[in-house]
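Participant: Structure provided below as structure tokens; questions to follow.
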Amino acid sequence: MIWHITKREIYDNLNSLRFALTAVLLLALLLINAIVYLRGHPNRTQAYHDATAEAVKKLEERSTSLYRLATEGPGLLYKAHSSLRFCAEGDEVFLPTHVNGENYFSDIAKVRPLWRLSHPQETPNIYNIRPDFTTMDWAFIVSYVLSFVAILFTFDSVSGELERGTLRLILANPIPRHTVMVGKFLGAFISINIPFVIAVLMNLLLISISDSVQLNAELWGRLGILYGITILYTCIFIALGLLVSAAVRESGVSLVVLLLIWVSFVVFMPNTLASIGSRTSVPMAYMEFWSERNRLDRETRKAYEDKYGDSQSTPPVHVIAEYLTVDAEQNERFTEKYLNQQITQGKRARAITRISPAAIVQHLFESFAGTGLERHLQFIENTKRYAREYRDFVIDADRADPMSLHAIGVPEGMSQKRVSPEAIPKFKDTLSLNRDFNAAVMDLFLLVLFLVVLLAGAFLAFVRIDI
Amino acid sequence: MLKTLIRRELLDNLMTFRFAAAVFIMLLLVVANTAVLIKDHERRLESYNTALKNYHENTQERKTYTSMPLDVARPPNPLSIFNVGLDKRLGNEIWIFHGLVPTLWDARMHGITNPLLKLFASIDIVFIFEVVLSLMALIFAYDALAGERERGTLRLVLTHPVSRGQILLAKYISAMICLLVPLLISLILAVILLTTSTSISLSAGDFFRIGGIILSSVAYLSVFYLVGMLISAATRRTGTALMLAMFVWGFWVLVYPNVILATIASPDTSQASAESAKNQIQQIWEELDRERKKFLANDAVPGGSPRFGIRIESGFNYYEYPIIDSSVLKHTLVSGANILKLHSESEPMVPHAQNYYRYLGPQIIDAAERTWLIRKPALETIFVQPARLDRILLRFSPVGIYDAATQAWAGTDLSGLKDFFTAARKHRRVMIDFYYDKKAFGSRQWFAADKGAVEWESLPQFSFQRSSTQTNAARALPDLLLLLMMNIFLFMFIFLIFIRSEV
Chain A
55 MIWHITKREI
65 YDNLNSLRFA
75 LTAVLLLALL
85 LINAIVYLRG
95 HPNRTQAYHD
105 ATAEAVKKLE
115 ERSTSLYRLA
125 TEGPGLLYKA
135 HSSLRFCAEG
145 DEVFLPTHVN
155 GENYFSDIAK
165 VRPLWRLSHP
175 QETPNIYNIR
185 PDFTTMDWAF
195 IVSYVLSFVA
205 ILFTFDSVSG
215 ELERGTLRLI
225 LANPIPRHTV
235 MVGKFLGAFI
245 SINIPFVIAV
255 LMNLLLISIS
265 DSVQLNAELW
275 GRLGILYGIT
285 ILYTCIFIAL
295 GLLVSAAVRE
305 SGVSLVVLLL
315 IWVSFVVFMP
325 NTLASIGSRT
335 SVPMAYMEFW
345 SERNRLDRET
355 RKAYEDKYGD
365 SQSTPPVHVI
375 AEYLTVDAEQ
385 NERFTEKYLN
395 QQITQGKRAR
405 AITRISPAAI
415 VQHLFESFAG
425 TGLERHLQFI
435 ENTKRYAREY
445 RDFVIDADRA
455 DPMSLHAIGV
465 PEGMSQKRVS
475 PEAIPKFKDT
485 LSLNRDFNAA
495 VMDLFLLVLF
505 LVVLLAGAFL
515 AFVRIDI
Chain B
32 MLKTLIRREL
42 LDNLMTFRFA
52 AAVFIMLLLV
62 VANTAVLIKD
72 HERRLESYNT
82 ALKNYHENTQ
92 ERKTYTSMPL
102 DVARPPNPLS
112 IFNVGLDKRL
122 GNEIWIFHGL
132 VPTLWDARMH
142 GITNPLLKLF
152 ASIDIVFIFE
162 VVLSLMALIF
172 AYDALAGERE
182 RGTLRLVLTH
192 PVSRGQILLA
202 KYISAMICLL
212 VPLLISLILA
222 VILLTTSTSI
232 SLSAGDFFRI
242 GGIILSSVAY
252 LSVFYLVGML
262 ISAATRRTGT
272 ALMLAMFVWG
282 FWVLVYPNVI
292 LATIASPDTS
302 QASAESAKNQ
312 IQQIWEELDR
322 ERKKFLANDA
332 VPGGSPRFGI
342 RIESGFNYYE
352 YPIIDSSVLK
362 HTLVSGANIL
372 KLHSESEPMV
382 PHAQNYYRYL
392 GPQIIDAAER
402 TWLIRKPALE
412 TIFVQPARLD
422 RILLRFSPVG
432 IYDAATQAWA
442 GTDLSGLKDF
452 FTAARKHRRV
462 MIDFYYDKKA
472 FGSRQWFAAD
482 KGAVEWESLP
492 QFSFQRSSTQ
502 TNAARALPDL
512 LLLLMMNIFL
522 FMFIFLIFIR
532 SEV
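Residue numbers (my numbering), protein chains in the order written: chain A, 55 to 521; chain B, 32 to 534.
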């Protein structure tokens, strides 16, 4: 019986103007998405490969001595590109593309400081005078366009029938009301999914036949998860449409209510709430960070000079090495503290936007497409792990040489042997689906919760409706 | 008769749920966002004031002409609350240096924001209007004619001795009155919030500009209402009219502006013209370098080094390096020193150094001017033309026209931002005149502060005034006229369809 009602709904929809317009719109959007992505992808990949190759070359040049490796560091560490960028751009243009693993300090006095991790603070978009726009990724198409379409498909599904009197006709048959409800739900769901799936398949077809992109099994898995999220999200808006349509009884009013909800939850809430949320945890100003870090550096230096600096003789190499290590560690710790404050601010801004399912879906798309904030945090963690590995490598290589005095950072205190360029660990930025999934569980759970609540509401509203 | 019709329509519209909803949502969104925007503006103002304080402190420490860069900052525009435009994005701090004609592409940011936060997430008031007002206008309009036709009331009205034009006019006027209520109330609330904030001071000119923004908003609103009415006149059923109206809205507001900017890649004018400009600029500076080396070689001091063997006891000694950023065709040479105490043996060398700088200073200025002549048109082709093309393409949607018009009123469009850099360039001229006035290039203070520091007080302060309201109005006028023309055409079109349609 459910299937019967569903079929009727689908036939109704397939013949309607909205179905045709939706099909055209979605197809156009997703094709444009693929074309734009394919146009930019080769350049991005090339730029990344060039940059990493350059970094590796520089690193291998440093392998002439362990001292150079210890002071100059591994160089710039670049963030790997995600092949799923067409699913969610995740504001990648604004995020830093690399972490600095270099020593940009010159000789202050007799000693040269060790390298440390630091994070670029520039604003990359400063020269861009083009007008603002939202990127045409899947996340936008799903969270904005598809939800809008879902509303247009459902706003009159109960109230319209009530107005036309056909609802009375249906309920005169021996069908329980919840069956009608489920039928209507499925009908709307399938009618929206037909054009979407066709458009998505065209999009993926275009992308997968191009030579510049290789989609492997893991990426297809991620795409599958993204499709699952899309289904969940569409269901939320269908349930919302049915709920309002059943509760309001007039199609005109129902549409206005739904549009209000849509505009505030999809268009405004994610941004406005993010600005409010970001204010709950403001990191220190950059100038403050800068001067405070310099002050800390000076203090460490002063402590060292107070002990040994006055004496005309050079202090023992171990003392210098200790100072250098302490200096680098302390500096890096403070940089990390500042970074953590920035991360907290970003996370706070995101946490509060979870009221809006549209924002949740955008975050989920970013997480699974391997772009945006979550991905950036993963990248930063990767660089930290690599920094440890690199330092351990230098220490181990130094330890392996019995002639060395094991004073890291002092030219005469370190192993003089050449290091083989192959042996130096190279930075490799990787994505882990596992981690992405863990980060996304909370968001997924919230989406399901939204859906359950709305479905229950729609069901209750429909069961109690007076005809 | 018209009055009766208007009254009837007005009553019909005012008593509806959609009117209440329109008022409610507009108030909610505008008030909430204005509060957020004001806080944001305060933060930017604070950053600006900190920057000014820093510059002032630097001036105290700047003992020689070349010891420290001279920076000026752009204050945040209070009208960016209405339409933020480029105000927040482009550089707001620029270095005034005689060897570089400052442009937008040499600017930096004071008060760096968190890169992990979405940068442009803040919503301005015009964006709310763009999205919500247009939607409201369409919801008011879609059944204006189709609905009456369906219910048969249109036939009833037409039995009276009224012309069809009058009916249209009555509908238009009454719906616009209804739509203006939420628009004006929310704007008034926003302005009240603005005036209560202590950090923002609006001048009389600003109120005039806000008036211009309101005018543009009304024109924009009217365009969407007329589009809805056109759909309503052309279709027989309200259901169809509604769907068409919604998809037109979705297309114009959501889809078109984003698609057009994502798809139309900026024309790649950059390669060829940038390459030749880069070479020409490089030649200028290479020539300068050659002449400079020749001068040093002919100098009495052997070695050909501009350091002249000067030794110092405190401060920092001679530096000289080029600043090159080929992506924005930036090329200059900085040189100088901040010698606080000279080693007594080096005293005879000082006249040589003075001689050198007396020669070098005007040379650098000349090279900078010649670079500017090449750089200006090149930057125009590489950056400005694509942006201008984008703007033109955006104008195929009323949203694009409205956005451009309000940006021009608020002074946050490209021309408004360029005004600041024009002022910076003027200030550079003032500074150069000041240098010549003080005979700075050949002076000892150019690099050494041991015999008296530079008196910076006599250098006129940099001040930036936003362009006059007339300029803003002139910049906004084309777009405003475009909106008005769209209104007239649409109305004529509707009229033609309506008088020919059967009831």
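Even glycine gets a Cβ: it sits at the ideal position worked out from N, Cα and C.
Would you give the residue range spanned by the beta strand (DSSP E) that Tyr444(A) belongs to?
Facilitator: Here Tyr444(A) belongs to no beta strand (DSSP E); instead the alpha helix (DSSP H) covers 426–453.
Participant: Just to confirm before moving on: does the CB-CB distance between Thr125(A) and Asn154(A) stay below 7 Å?
Facilitator: No. Outside cutoff.
Participant: Would you call the CB atoms of Tyr349(B) and Arg342(B) closer than 7 Å?
Facilitator: No.
Participant: Going by C-alpha distance, which of Glu351(B), Asn289(B), Met516(B), Trp487(B) is nearest Asp421(B)?
Facilitator: Checking every option, the nearest Cα to that of Asp421(B) belongs to Asn289(B).
Participant: By DSSP, does Trp126(B) sit in helix, in strand, or in coil?
Facilitator: Correct three-state label for Trp126(B): strand.
Participant: Run through chain A and tell me which residues come within less than 8 Å of Ala168(B), C-beta to C-beta.
Facilitator: The premise fails here: Ala168(B) is roughly 12 Å from chain A at the closest Cβ pair, so nothing lies under 8 Å.
Participant: Identify the contact partners of Gly400(A) in chain B, using a Cβ-Cβ distance below 8 Å as the criterion.
Facilitator: Ordered by position in chain B, the residues that pass the 8 Å Cβ test against Gly400(A) are Asn145, Leu147, Leu148.
Participant: Quick one: Cα of Glu146(A) to Cα of His95(A), how far?
Facilitator: Taking the straight line from one Cα to the other gives about 13 Å.
Participant: The stretch 62–73 of chain A: which residues have C-beta closer than 8 Å to a C-beta of chain B, in chain order?
Facilitator: Answer set for the stretch 62–73 of chain A: Ser70, Leu71, Arg72.
Participant: Quick one: measure Cβ to Cβ for Asn108(B) and Arg497(B), integer angstroms, because I've assumed they're closer than 8 Å.
Facilitator: Right, their Cβ atoms sit about 7 Å apart.
Participant: Three or more beta-carbon pairs under 8 Å between the stretch 201–216 of chain B and the stretch 34–45 of chain B, yes or no?
Facilitator: With the cut-off at 8 Å, the stretch 201–216 of chain B and the stretch 34–45 of chain B touch.
Participant: Name the chain C residues whose beta carbon is nearer than 9 Å to that of Val307(A)?
Facilitator: Absence of chain C from the displayed structure is noted, the protein chains being A and B.
Participant: Kindly indicate which residue of Ala454(B), Ala250(B), Ser228(B), Val157(B) has the alpha-carbon position closest to the one of Leu513(B).
Facilitator: The candidate whose alpha carbon is nearest that of Leu513(B) is Ala250(B).
Participant: Who pairs with Val72(B) in a beta bridge, going by DSSP?
Facilitator: According to the sequence provided, residue 72(B) is His. The question's Val does not apply to it. According to DSSP, which records beta bridges pairwise, His72(B) is partnered with nothing at all.
Participant: Could you check whether the stretch 285–300 of chain A touches the stretch 492–508 of chain A, counting it as contact only if at least three pairs of C-beta atoms, one from each stretch, sit closer than 8 Å?
Facilitator: Yes, they touch.
Participant: Closest to Lys34(B) by C-alpha separation, out of Ala201(B), Asn329(B), Ile56(B), would be which residue?
Facilitator: Here the closest residue by C-alpha is Ala201(B).
Participant: Check whether the stretch 244–251 of chain A touches the stretch 197–210 of chain A, counting contact only when three or more Cβ pairs, one atom from each stretch, lie closer than 8 Å.
Facilitator: Enough Cβ pairs lie closer than 8 Å, so yes.
Participant: From the DSSP output, which residues share a beta bridge with His362(B)?
Facilitator: His362(B) is bridged to Ile355(B).
Participant: Helix, strand or coil, according to DSSP, for Asn369(B) in the structure here?
Facilitator: Here Asn369(B) sits in strand by DSSP.
Participant: Check whether chain A comes within 7 Å of Phe151(B), counting only Cβ atoms and requiring the distance to be less than that.
Facilitator: Low per-residue confidence applies at Phe151(B): pLDDT is 49, beneath 50, and the placement is therefore not dependable, though the value from the model is reported in the following sentence. Yes - at least one Cβ of chain A is within 7 Å of the one on Phe151(B).
Participant: Are any of the Cβ atoms in chain B nearer than 7 Å to that of Arg166(A)?
Facilitator: Output row for Arg166(A): interface = no.
Participant: Alpha carbon to alpha carbon, what distance is there between Leu138(A) and Leu485(A)?
Facilitator: Computed Cα separation, rounded: 12 Å.
Participant: If you compare alpha carbons, which of Tyr198(A), Leu223(A), His430(A), Ile397(A) is closest to Phe319(A)?
Facilitator: Closest by alpha carbon: Tyr198(A).
Participant: Between the Cα of Leu309(A) and the Cα atoms of Pro475(A), Asp210(A), Asn492(A), Phe343(A), which residue gives the shortest distance?
Facilitator: The candidate whose alpha carbon is nearest that of Leu309(A) is Asp210(A).
Participant: Return the Cβ separation of Trp440(B) and Ile244(B) in integer angstroms, given the expectation that the two are a contact with Cβ distance under 8 Å.
Facilitator: Yes, Trp440(B) and Ile244(B) are in contact; Cβ-Cβ is about 5 Å, under 8 Å.
Participant: Threshold first: 3 residues or longer. Then list the beta strand (DSSP E) segments lying entirely within the stretch 99–176 of chain A, N to C.
Facilitator: Within the stretch 99–176 of chain A, the complete beta strand (DSSP E) runs of at least 3 residues are 129–132, 152–155.
Participant: Considering Ala265(B), what are the terminal residues of the alpha helix (DSSP H) in which it resides?
Facilitator: Looking at the DSSP string, the run of the alpha helix (DSSP H) that includes Ala265(B) is 235–265.
Participant: Apply the 10 Å Cβ neighbour rule to Tyr501(B) and answer buried if 16 or more other Cβ atoms are within range, or exposed otherwise.
Facilitator: A small correction: the amino acid at residue 501(B) is Gln; Tyr does not occupy that position in the sequence shown. Gln501(B) is exposed by the Cβ-count criterion.
Participant: Do Leu508(A) and Leu297(A) have their CB atoms nearer than 7 Å?
Facilitator: Yes, they are a contact pair.
Participant: Between Ile154(B) and Asn64(B), what straight-line distance do the alpha-carbon atoms span, to the nearest angstrom?
Facilitator: Cα-Cα distance, rounded: 7 Å.
Participant: Taking only beta-carbon atoms, is Trp487(B) less than 7 Å away from chain A?
Facilitator: Closer than 7 Å: no.
Participant: Can you give me the C-alpha to C-alpha distance between Ile519(A) and Leu275(B), rounded to a whole angstrom?
Facilitator: About 30 Å.
Participant: With a floor of 4 residues, list each alpha helix (DSSP H) that falls wholly inside the stretch 417–499 of chain B, ordered by position along the chain.
Facilitator: Qualifying alpha helix (DSSP H) stretches, in chain order: 429–441, 445–468.
Participant: How about Tyr536(B) and Val485(B): do their beta carbons lie closer than 7 Å?
Facilitator: The structure shown has nothing for residue 536(B), since chain B only spans 32 to 534.
Participant: If we count the other Cβ atoms within 10 Å of its Cβ and call it buried at 16 or more, is Gln396(A) buried or exposed?
Facilitator: Buried is the call here.
Participant: In whole angstroms, what is the alpha-carbon distance linking Phe151(B) and Met277(B)?
Facilitator: For Phe151(B), the pLDDT reaches just 49, beneath the cut-off of 50, and the residue's location in the model is therefore unreliable, although a value from the coordinates is still provided. The straight-line gap from Cα to Cα measures roughly 27 Å.
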